[in-house]
Structure formats: C-alpha cells, structure tokens
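In the numbering used here, the protein residues as written are 3 to 476. Some notes on the structure that comes next.
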C-alpha cells in the first residue's frame, strides 16, 4: 500500500535547533529523514519527534492547493457544504458545490493522505518509544499516551468523512486500521471496529496524561477528554459523552466561558475558551491558506481571499443583543452577497484558529443530559451558555423534540464556521440537510445520503487490493 509506506520520522533539524517543545513547534525548519535510533535516543529527541507530529495539525502539507492544508481546511470543507456559508468562486467553491467528494478530486486524496500520515507517524513514534533504551517507563507512558490521542483524533476524523454515521453504518466497512507498520495493505475495518480502536486509544491514554503543556497547540488530558466527548456523542453513549464533556470544560459553565473574547476575532491561541487550536507568528505562517479566517474576513484590511458569505437563515438566528451576531450587512445587495461575518479576523502572521472550545463541550453535555431523560439539567446547561452569549436570553420552556432541536440550533449558532457542525450533526444523527433558496448553488442531502461523505480516493483503490473497483457506487 504505497499510501502507507514506511518513512523514518523527519525531525533532524528539530533535534538540532530546538531548545523547548514550544520552540520545536514554533520554529520548524526544512527537515531530513533520520534513523529511528537517533529520534528516540533521548527524551528530548522523542519530544521533538512528537512535536513534529503535532505540528501536522496546523502545517501546510499540500502546497498544490490553498484549500487542502491542515485540520482547519478539513473542517472548513465540511462547513461550506451546509446552509450557513456561501462560496461563489475561488478556493472551496468545489466543496461548496459538492463536486470535490469524487474519487479523483484533490479533496478526497488530501483528506485520506493527511490523516493516514498522522496515523503512520504516530505508529512509528509509538514503536520507537517502546524500543528506546534511554527513556524511562514513566516517560514512555506519557509520550505514547499523547501519540495515541493524536492517532485517535486522526481516525475519528477520517472515518467520519468516508463512512456514514455510527448508528447506521456500525457494521459497514469504513477505513483500514493500522496500529503498526506493515508493508501490506489492510482491508477496510467496520465502523464499529474503528470506533473501538479510537476509544481504546483514548481510554488507555487518559490515565497517563497530565494537564501541563507548552501551549494550547499541544494535546493533554483536557484535549483527550474533549475528543472522547465527541467520539461518545457520535456513538450515542450518552453517559460517557456527558462525563467526558464535563471533564473537558471543567464542570463550571460560568468560569469556562468568556463572552468578551467571542467578538475579538478568534485569533488568539491562549483564548480562555479554547481547548485545542494552532497559532501563527511572523516567519512561521501558513499565510493565506488559513481557514476560515483568510476566506471569511471581508474587511478592507484583509489581504486574504475574502470570498465567503453567510446565509440569511444564519443571520436571522441571532438577536441584536447576542455577542455572536458578528455580521456585516451590505444594504445595496439583495442576493447572497448581502451578509458576511467578521467572527474570524485574518492576519497572515498572527491569526490563530480553534479546533475545540469549551462551549462545544457544554452543548455536548446538554445534549447528553437530554438523551438520558434529564431535561431539567439539559435546560440549565443550555441556558447558562445562552445567557453568557446574550444577556436578554430567556430560559427554554421547550420539552421533548423541541428541546432537542433547540440544542442543535444552539450548536449551529455557537460553532458556525468552526468544525462543520451542520454536516457533523447531519451525519451522526441521520438528518437531511437542505440549502435554502438564498444560495446560488442548490444542494440537499437526504438522511443517510452517501453524497454527504467522500468517495474512496482512486489512488487508494489502485494501491489496495482489498478495495473493489466499484466500491464508490453511490
């Protein structure tokens, strides 16, 4: 399987030049491939190797396209396939049209290759750490735990893009599992098998993790809790989803939120609500590839692409006193160019990007409480978040399905532009997703429509004998 070809971890200059984990991440240089023996000859070298893998969450890994770069580009590609964002031209327009899901497109190839690159490097790292004679057992446990969190995240993301939601596709083939290097291509594992692998990685990692880290660009125990909360939400294991979500945001809604930061442009890595993200600095930037910032910020001083608008239906969700109502209105327009958002402020040298925030965890716990029949607690959690965002918010009187729909709407209001929340929820909940007539390009997905996921990349079909040539028949 040439997409899973073994490579020694490329960390040469990281090992030579870096003096701390933060510097390893912030000051990468062109690297050469070196032996695993050198990479794991000391704790410092192993930390450098792990930092190199962590950097893949923000690094520009595909120089051929501005829309295929990192985890943020994966999330934004999901975002623009829904109702809330409009991309009439330029980068991400083919995602918006949903033509980039085909087997021969760069989107499918990038998404597959990107996550399996992270998986491969995590596997190599775990093997190297285990074989090292210069790292203590306690140190090994910590290193391996962090690599498992990164591997779990990669599997969680890739399985969502190439198979339908867990509850409907539990027994269907999804993606191959690799837990170590092999020269042979593995067959597709079922969705259930992939999620079992993910949860095992997380559950075995969490006890070995601490809360300490160099910055919010690194994984730690809080990040592991947050990823686990997402995973159990998709699996509909509501007891565990509630437990891990609460652990991820800390258990106190009010102290975990900071409404003032919401209107500051989503550009600071050390923002109070951020659990995981990435930052940029002069000389260490991914420049105009940063999604969503470079694309959604239409301000005159933005030197990015500035090619994305928002729908009227998204704009209409917010009251005038809601801190999340961050929209510009063009009074001379009566079409899709009327509304844009300044939620994400772009600066090619300093903008940061969030991947996980505390508010998402609060809403996961609220949904879990609803699913567990604890509607009163679900309402309390929901209202605490709503009141933080809008001082004139009124506590919900909804019950049953109406309350559930209100939680989903709040997810859409809170997370627009961040994680592709509409597609994420449509997949996991088997919901239809249809654009309004406000859009210049119509698009609709029926419940469990395979067009909401990607086809397997043609290069993987060609390389893996376990994949039939007609595997992509929708």
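Built from N, CA and C at the ideal position, the CB exists for glycine as well. Note that the structure is a prediction, hence the values are computed from the model and not measured.
Item checked: Beta-bridge partners of residue 430, as assigned by DSSP -> In DSSP, residue 430 forms no bridge with anything.
Next item on the list: Since I believe residue 315 is in contact with residue 348 (beta carbons under 8 angstroms), could you give me their beta-carbon distance rounded to a whole number of angstroms?
Entry: Actually they do not touch by this definition, with Cβ atoms about 24 angstroms apart.
Check: Name the DSSP beta bridge partners of residue 330, please?
Finding: 342
Next item on the list: Measure the C-alpha to C-alpha separation of residue 440 and residue 91 and round it to an integer number of angstroms.
Entry: Distance between the alpha carbons of residue 440 and residue 91 is about 16 angstroms.
Item checked: Three-pair Cβ contact test at 8 angstroms for the segment 415–435 versus the segment 445–461 -> yes
Next item on the list: Identify which residue in 138, 126 and 76 has its Cα closest to the Cα of residue 46.
Entry: 138
Checklist line | Environment of residue 28 [buried if 16+ CB atoms lie within 10 Å] | finding: Unreliable placement is indicated for residue 28, whose pLDDT of 40 sits below 50; the coordinate value is still reported in the next sentence. So residue 28 counts as buried.
Notebook entry, point to check: Tell me which same chain residues have a C-beta within less than 6 angstroms of the C-beta of residue 389, skipping the five on either side of it?
Noted result: 395
Notebook entry, point to check: For residue 122, which of 321, 140, 144 and 179 has the nearest alpha-carbon?
Noted result: 179
Note to self: By DSSP's criteria, residue 279 is part of a beta bridge. Which residues make up the other side?
What the structure shows: 356
Notebook entry, point to check: Between the C-alpha atoms of residue 292 and residue 186, what's the straight-line distance to the nearest angstrom?
Noted result: 35 angstroms
Checklist line | DSSP three-state assignment for residue 33, whether helix, strand or coil | finding: For residue 33, the pLDDT reaches just 39, beneath the cut-off of 50, and the residue's location in the model is therefore unreliable, although a value from the coordinates is still provided. Reduced to three states, the DSSP call for residue 33 is coil.
Next item on the list: With a cut-off of 8 angstroms on the beta carbons, I'd call residue 277 and residue 233 a contact; round off their distance for me.
Entry: Residue 277 to residue 233, Cβ: 15 angstroms. No contact.
Checklist line | In DSSP terms, what residue 225 is bridged to | finding: DSSP, once it has assigned bridges, lists no residue as partnering residue 225.
Notebook entry, point to check: Looking at residue 190 and residue 177, is the spacing between their C-beta atoms short of 8 angstroms?
Noted result: Yes; because the gap between Cβ atoms is below 8 angstroms, this pair is in contact.
Check: What is the rounded straight-line gap between the Cα of residue 87 and the Cα of residue 373?
Finding: 29 angstroms
Next item on the list: State the Cα-Cα distance for the pair residue 249 and residue 335, rounded to the nearest angstrom.
Entry: Across the structure, residue 249 and residue 335 are spaced so that their CA atoms are roughly 46 angstroms apart.
Check: Are the beta-carbon atoms belonging to residue 206 and residue 172 less than 8 angstroms from one another?
Finding: Not in contact: residue 206 and residue 172 (Cβ atoms no closer than 8 angstroms).
Notebook entry, point to check: Out of 356, 307 and 301, which has the shortest C-alpha to C-alpha gap to residue 329?
Noted result: 301
Checklist line | Collapsed DSSP secondary structure at residue 209 in the structure displayed | finding: Per DSSP, reduced to three states, the secondary structure at residue 209 is helical.
Next item on the list: Use the C-beta contact count for residue 174: other C-beta atoms within 10 angstroms, 16 or more gives buried, fewer gives exposed.
Entry: exposed
Margin query: Let's test the definition: count the other Cβ atoms within 10 Å of the Cβ of residue 241 and tell me whether it reaches 16, buried, or not, exposed.
Written below: exposed
Next item on the list: Please list, in chain order, all residues of the same chain as residue 236 whose beta carbon is under 6 angstroms from its beta carbon, the five residues on each side excluded.
Entry: 168 and 430
Check: When the Cα atoms are used, what is the spatial distance from residue 282 to residue 270?
Finding: 9 angstroms
Next item on the list: Under 6 angstroms Cβ to Cβ from residue 104, same chain only, skipping five residues before and after it: list those, please.
Entry: 457
Item checked: Simplified DSSP assignment, three categories, for residue 435 -> strand
Check: Which residues mark the beginning and the end of the beta strand (DSSP E) in which residue 177 is found?
Finding: Counting along the chain, the beta strand (DSSP E) containing residue 177 begins and ends at 175–178.
Check: Can you name the start and end residues of the alpha helix (DSSP H) that residue 191 belongs to?
Finding: Counting along the chain, residue 191 falls outside any alpha helix (DSSP H), though it belongs to the beta strand (DSSP E) covering 190–192.
Notebook entry, point to check: If we count the other Cβ atoms within 10 Å of its Cβ and call it buried at 16 or more, is residue 133 buried or exposed?
Noted result: exposed
Note to self: Closest to residue 99 by C-alpha separation, out of 442, 461 and 367, would be which residue?
What the structure shows: 442
Checklist line | Classification of residue 126 by the beta-carbon crowding that lies within 10 angstroms, buried from 16 upward | finding: buried
Item checked: Alpha carbon of residue 340 to alpha carbon of residue 311, nearest angstrom -> 8 angstroms
Notebook entry, point to check: Taking the DSSP output, what are the residues bridged to residue 446?
Noted result: 436
Note to self: Buried or exposed for residue 360, going by 16 or more other Cβ atoms inside 10 Å?
What the structure shows: buried
Notebook entry, point to check: For residue 311, which three-state DSSP category applies?
Noted result: strand
Check: Do residue 79 and residue 109 come within 8 angstroms of each other at the CB atom, strictly closer than that value?
Finding: If you check the CB distance, residue 109 and residue 79 come in under 8 angstroms.
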